[in-house]
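Presented below is the structure to which this report refers.
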Amino acid sequence: MEEQFRLGQEKKGAELKALQSQINPHFLYNTLDMVNWMAQKDEVDNIQRVIHALSDYYKLVLNKGKDFVTVGDEVRLCSIYMDIQQNRYKDRIRLEISVEDDALSCMLPKITLQPLVENAIVHGIMETEERRGTIRITGRIEQDRLRITVEDDGAGISEREERHSGYQGSGYGVENISKRLSLFFGGEAREITFISAAGKGTSVIIDVPVMRVL
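First residue of the sequence shown: 28, per this note's numbering; consecutive thereafter.
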């Protein structure tokens, strides 16, 4: 039984790493593509800022090989990611963070929130005519459950499109996150919830049990 448990844990860890590996290359490719574009325009100061931010990002992502991080680290990762993206979007997108203190020490699989922020930009705000907007990350604990919402004021998705939208379809996005939450929390992780209206924006809600490092 001990051997079966060990093998089961190893399999779960391998599945988590495989799912996380789908996210990292995508983000790195896009960032290096942006750095290349800046180099062609001789934007030396911007290149330095992006490289420093990218270094900070991967320090958090690597996390000494651990698969799980605190919500506080996840939020910081999103802030660093947005610092990098501001060089592309020229401050047209704001990131607002309002996570209660007792929620910051809860654990999540690493790189859970950043893909949701990325989707909010690409499939939400960049789909509006103005191509500018605000993303809000809120988090709190309710009845021993962690509830985190990533909300944008972008184009939104109609009820008809919801099941086939870019939010759902990204291989590095919602489906990936949902699988990793299920691996980490088992049956206690609720399905990721969407609240959206065309022309008004989208909220993506994560609802999982509270788990902390002992």
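From the three backbone atoms N, C-alpha and C, an ideal C-beta is built for every residue, glycine too.
Which residues DSSP lists as bridging residue i, in chain order
i: Asp-179; result: Ile-162, Thr-229
i: Ile-78; result: Looking at the DSSP assignment, Ile-78 forms no beta bridge with any residue, so it has no partner.
i: Glu-169; result: Arg-172
i: Leu-131; result: In the DSSP output, where bridge partners are listed per residue, Leu-131 has none listed.
i: Ser-205; result: Paired residue(s): none; Ser-205 is not in a bridge.
i: Phe-95; result: Pro-136
Length of the line joining the Cα atoms of residue i and residue j
i: Gln-75; j: Asp-110; result: 12 Å
i: Tyr-84; j: Val-144; result: 15 Å
i: Glu-101; j: Asp-69; result: 32 Å
i: Lys-137; j: Glu-202; result: 15 Å
i: Glu-215; j: Asn-63; result: 44 Å
i: Ser-125; j: Arg-174; result: 12 Å
Cβ distance (whole Å) where residue i is taken to contact residue j below 8 Å
i: Ile-152; j: Gly-160; result: 4 Å
i: Arg-172; j: Val-235; result: 7 Å
i: Asn-146; j: Gly-200; result: 5 Å
Reference residue i; option with closest CA among the options
i: Arg-121; options: Leu-55, Asp-179, Glu-202; result: Asp-179
i: His-150; options: Gly-181, Met-238, Leu-104, Ile-78; result: Gly-181
i: Gly-228; options: Gln-170, Leu-173, Arg-239, Gly-183; result: Gly-183
i: Glu-156; options: Asp-128, Arg-172, Arg-119; result: Arg-119
i: Phe-211; options: Leu-59, Arg-163, Cys-133; result: Cys-133
i: Thr-139; options: Lys-86, Ala-80, Val-96; result: Val-96
Any non-hydrogen atom of the ligand SAM closer than 7 Å to residue i Cβ
i: Asp-179; result: Ligands in the displayed structure: none, and consequently the ligand SAM is not present.
For residue i, three-class secondary structure by DSSP
i: Val-126; result: strand
i: Gly-35; result: Its pLDDT being 48, under 50, Gly-35 is placed unreliably in this model, and the value from its coordinates should be taken loosely. Looking at Gly-35 - three-state DSSP - the assignment turns out to be helix.
i: Asp-234; result: strand
i: Ser-223; result: strand
i: Arg-121; result: strand
i: Arg-217; result: coil
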